[in-house]
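Residue numbers (full-length UniProt numbering), protein chains in the order written: chain A, 1 to 221; chain B, 1 to 177.
Structural data, given as structure tokens:
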């Protein structure tokens, strides 16, 4: 799907640029896009370096395992394939709480750290596991208590009640998150159903291994 | 309630940055060395994301600059105008999953033109705040660990964006309309 969207955007862009006579804009856009890709990645360096350093301190202190043990049950129903007390749970929880507090630049490094931990449990390093998809779903919906950026913008433009959108945002983001969790659950089920018959005890083993080649061939087209 | 949450938001990072090393120190962790060791991974991770982000942002940038996005927006807006939704906010539904800066710029523009307390300004703020940029999150998170086959993750992300968009409009019409 990602291949289709990527190619589709470029193809449609080409056709529209041709029709609208914007070929020079097309070329400029390519290099603008490339530049902002590098700029954004470079912008992430400082944040990633700092938070990954701090997270290592937390991990070495056994803090993440402790968090995973205490709060793990809260999220374990979302991540049934991640072993109890695994550090990934600690990172997932940190990522979720950072999102909740609207701390975007802390949430991303923790989410990436969580992905890296989930990757260690992944038998096929190029295909996402169900747990990775769930983590991604939670982050795209990104439930937020305080939309800080927007409150600041509204304040700037002289709103009489800059925080007036907190309630509506919370409601909308909660609905989006629930939809993401539900859709993720459904897809997970469907993938399981499509698997070739194998040992049903997928809990402790690696559920993706049997399904991986199947998955790839069925989604690539 | 709002004040309490913003207070927690403001305190969370300083408290973490102070508490984690302190706790680690009591556990006899060589805190500075441990920090530097972990921080080394950050650079490599950021660099690993570059190809993914460049590829994705080029495609999005081309799509916007060619006029394709404007065309699509012009196509959708009249279709939904009939149900009492201000058509100005509809392009946000398309823009939000694709580009965070693009949709933020559009939201800011709507707020400056129509006012932050207008229905349009309120809906736009709510849409902007309620979901994250799906394509960016997918690119960065999967790019960082080298996942190439994201399975159903994109579909789930886009679906939740759509639901969030509709929910934002519905809630705002209900509360402010």
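Think of the CB as a built atom: it goes at the ideal place given N, C-alpha and C, for glycine as much as any other residue.
Exercise. Would residue 125 of chain B count as contacting chain A if we go by Cβ distances under 8 Å?
Worked result: Taking the second chain and counting its residues from 1, the one referred to as residue 125 of chain B is at position 125. At least one chain A Cβ lies under 8 Å of residue 125 of chain B.
**Request:** Determine, using beta carbons only, whether residue 146 of chain A comes closer than 8 Å to chain B.
**Result:** On the first chain, position 146 is the one that residue 146 of chain A refers to. Cβ-Cβ to chain B under 8 Å: yes for residue 146 of chain A.
- Message: To the nearest angstrom, how far is the alpha carbon of residue 130 of chain B from that of residue 165 of chain B?
- Response: Mapped onto the second chain, residue 130 of chain B falls at position 130. Mapped onto the second chain, residue 165 of chain B falls at position 165. Whole-angstrom Cα-Cα distance: 8 Å.
Please confirm whether residue 137 of chain B has its beta-carbon closer than 8 Å to some beta-carbon of chain C. No chain C is present in this structure, whose protein chains are A and B.
### Task
Classify residue 56 of chain B as buried or exposed, calling it buried when 16 or more other Cβ atoms lie within 10 Å of its own Cβ.
Residue mapping note: residue 56 of chain B aligns to position 56 of the second chain, counting from 1. Buried, because 16 or more other Cβ atoms sit within 10 Å of the Cβ of residue 56 of chain B.
Point to revise | Within chain A, partners of residue 63 of chain B - CB distance below 9 Å | key: Taking the second chain and counting its residues from 1, the one referred to as residue 63 of chain B is at position 63. Residues of chain A passing the Cβ test: 8, 9, 10, 12, 13, 16 and 29.
Discussion item. I want to see whether chain B comes within less than 8 Å of residue 189 of chain A, judged by CB atoms only; does it?
Written reply: Your numbering for residue 189 of chain A matches position 189 in the first chain. Residue 189 of chain A does not count as touching chain B.
Given a threshold of 16 other Cβ atoms within 10 Å of its Cβ, counted over all protein chains shown, does residue 122 of chain A qualify as buried or as exposed? One-based indexing of the first chain puts residue 122 of chain A at position 122. Counting Cβ neighbours within 10 Å, residue 122 of chain A comes out buried, since at least 16 surround it.
When burial is assigned at 16 or more other CB atoms within 10 Å of the CB, is residue 51 of chain A buried or exposed?
Counted from its first residue, the first chain places residue 51 of chain A at position 51. The residue in question, residue 51 of chain A, is buried, as its Cβ has 16 or more Cβ neighbours within 10 Å.
Q) Taking one C-beta from the region 48-67 of chain B and one from the region 20-27 of chain A each time, how about it: are there three or more such pairs within less than 8 Å? A) yes
Handout entry: Interface residues of chain A facing residue 81 of chain B [CB-CB closer than 7 Å]
Key = Counting from 1 along the second chain, the entry for residue 81 of chain B is found at position 81. What residue 81 of chain B touches in chain A: nothing, since even the nearest Cβ is about 21 Å away.
Using C-beta distances below 7 Å, list every residue in its chain close to residue 170 of chain B, excluding the 5 sequence neighbours before and after it, in chain order.
On the second chain, residue 170 of chain B is found 170 positions in, with the first residue counted as 1. Cβ neighbours of residue 170 of chain B beyond the five flanking positions: none.
Inter-residue spacing [alpha-carbon to alpha-carbon] between residue 169 of chain A and residue 124 of chain B: Position 169 of the first chain, counted from the start, is the residue given in the question as residue 169 of chain A. Position 124 of the second chain, counted from the start, is the residue given in the question as residue 124 of chain B. The alpha-carbon atoms of residue 169 of chain A and residue 124 of chain B are separated by roughly 10 Å.
* Going by other Cβ atoms of all chains shown within 10 Å of its Cβ, with 16 needed for buried, is residue 83 of chain B buried or exposed? -> Residue mapping note: residue 83 of chain B aligns to position 83 of the second chain, counting from 1. Result: exposed.
- Query: In this structure, what does DSSP give as the bridge partners for residue 127 of chain A?
  - Reply: Here residue 127 of chain A corresponds to residue number 127 of the first chain, with the count starting at 1. Answer is B:149.
- Query: If we ignore side chains and look at the alpha-carbon of each, how far apart do residue 13 of chain B and residue 93 of chain A end up?
  - Reply: Within the second chain, the letter at position 13 stands for residue 13 of chain B. Within the first chain, the letter at position 93 stands for residue 93 of chain A. Those two C-alpha atoms are separated by around 15 Å.
Residue 141 of chain A beta carbon less than 8 Å from that of residue 180 of chain A: The count along the first chain starts at 1 and reaches residue 180 of chain A at position 180. The count along the first chain starts at 1 and reaches residue 141 of chain A at position 141. In this structure, residue 141 of chain A lies closer than 8 Å to residue 180 of chain A by Cβ.
Exercise. So is residue 48 of chain A buried or exposed if we call it buried at 16+ other beta carbons inside 10 Å?
Worked result: Residue numbering aside, residue 48 of chain A sits at position 48 when the first chain is read from its first letter. Buried.
- Query: Contact check, residue 95 of chain A vs residue 111 of chain A under 8 Å by CB: the rounded distance?
  - Reply: Along the first chain, read from residue 1 onward, the residue named residue 95 of chain A stands at position 95. Along the first chain, read from residue 1 onward, the residue named residue 111 of chain A stands at position 111. Yes, residue 95 of chain A and residue 111 of chain A are in contact; Cβ-Cβ is about 4 Å, under 8 Å.
query: How many whole angstroms separate the CB atoms of residue 138 of chain A and residue 102 of chain A, which I take to be in contact at a CB cut-off of 8 Å?
result: By 1-based counting over the first chain, the position of residue 138 of chain A is 138. By 1-based counting over the first chain, the position of residue 102 of chain A is 102. About 15 Å separates the two Cβ atoms, so there is no contact after all.
Going by the CB atoms, is the gap between residue 62 of chain B and residue 30 of chain A shorter than 8 Å? Position 30 of the first chain holds residue 30 of chain A. Position 62 of the second chain holds residue 62 of chain B. Going by C-beta atoms, residue 30 of chain A is nearer than 8 Å to residue 62 of chain B.
Could you tell me the boundaries of the alpha helix (DSSP H) in which residue 121 of chain B lies?
As a working mapping, residue 121 of chain B is identified with position 121 in the second chain. Taken as a continuous stretch (DSSP letters only), the alpha helix (DSSP H) holding residue 121 of chain B covers 119-130.
Which residues in the same chain as residue 100 of chain B place their Cβ atom closer than 8 Å to its Cβ, once the five residues preceding and following it in sequence are excluded? Within the second chain, the letter at position 100 stands for residue 100 of chain B. Same-chain partners within the cutoff: 132, 133 and 136.
Next on the checklist: Quick check: is the beta carbon of residue 157 of chain A nearer than 8 Å to any beta carbon in chain B?
Outcome noted: Translated into positions along the first chain, residue 157 of chain A becomes position 157. In terms of beta-carbon proximity, residue 157 of chain A lines the interface with chain B, with at least one pair separated by less than 8 Å.
| message | Would residue 119 of chain A and residue 54 of chain B be called neighbours here (beta carbons separated by less than 8 Å)? | response | Locating residue 119 of chain A in the first chain gives position 119, counting from the first residue. Locating residue 54 of chain B in the second chain gives position 54, counting from the first residue. No.
List, in order along the chain, the chain A residues whose C-beta lies closer than 7 Å to that of residue 13 of chain B? By one-based count along the second chain, residue 13 of chain B stands at place 13. Residues of chain A passing the Cβ test: 103 and 106.
Task: Terminal residues of the alpha helix (DSSP H) in which residue 98 of chain B lies - done: One-based indexing of the second chain puts residue 98 of chain B at position 98. Unbroken alpha helix (DSSP H) run through residue 98 of chain B: 90-98.
Quiz item: Does residue 142 of chain A come within less than 8 Å of chain B when only Cβ atoms are used?
Solution: The count along the first chain starts at 1 and reaches residue 142 of chain A at position 142. Cβ-Cβ to chain B under 8 Å: yes for residue 142 of chain A.
Rounded C-beta distance between residue 130 of chain A and residue 188 of chain A? I'm assuming under 8 Å.
-> Indexing the first chain from 1 puts residue 130 of chain A at position 130. Indexing the first chain from 1 puts residue 188 of chain A at position 188. So it is a contact: roughly 5 Å between Cβ atoms.
Backbone CA spacing between residue 116 of chain B and residue 159 of chain A [nearest angstrom] | Here the question's residue 116 of chain B lines up with position 116 in the second chain. Here the question's residue 159 of chain A lines up with position 159 in the first chain. Going from the Cα of residue 116 of chain B to the Cα of residue 159 of chain A covers about 5 Å.
If you scan the region 18-82 of chain B from start to end, which runs of the alpha helix (DSSP H) of 4 or more residues do you find wholly inside it?
-> Listed in chain order, the complete alpha helix (DSSP H) runs (minimum 4 residues) inside the region 18-82 of chain B are 31-65 and 68-81.
- Item | Through-space distance from residue 40 of chain B to residue 36 of chain A, alpha-carbon basis | Within the first chain, numbered from 1, the residue matching residue 36 of chain A stands at position 36. Within the second chain, numbered from 1, the residue matching residue 40 of chain B stands at position 40. Cα to Cα, residue 36 of chain A sits roughly 24 Å from residue 40 of chain B.
Exercise for the section: Mind listing the chain B neighbours of residue 132 of chain A? Cutoff is C-beta to C-beta under 9 Å, in chain order. Expected result: For the purposes of this step, residue 132 of chain A is taken as the residue at position 132 of the first chain. Under the 9 Å cutoff, chain B gives 141, 142, 145, 147, 150, 151 and 153.
DSSP three-state call for residue 147 of chain A: helix, strand or coil?
Position 147 of the first chain, counting from 1, holds the residue named residue 147 of chain A. Residue state, collapsed to three classes: coil.
Margin query: Quick check on this structure: which residue in B:58, B:104, B:138 and B:158 has the alpha carbon closest to the alpha carbon of residue 9 of chain A?
Written below: Taking the first chain and counting its residues from 1, the one referred to as residue 9 of chain A is at position 9. In this structure, B:58 is the residue among B:58, B:104, B:138 and B:158 with its C-alpha nearest to the C-alpha of residue 9 of chain A.
Any C-beta of chain B under 8 Å from that of residue 194 of chain A
In the first chain, the residue the question calls residue 194 of chain A occupies position 194. No, because no Cβ of chain B sits closer than 8 Å to the Cβ of residue 194 of chain A.
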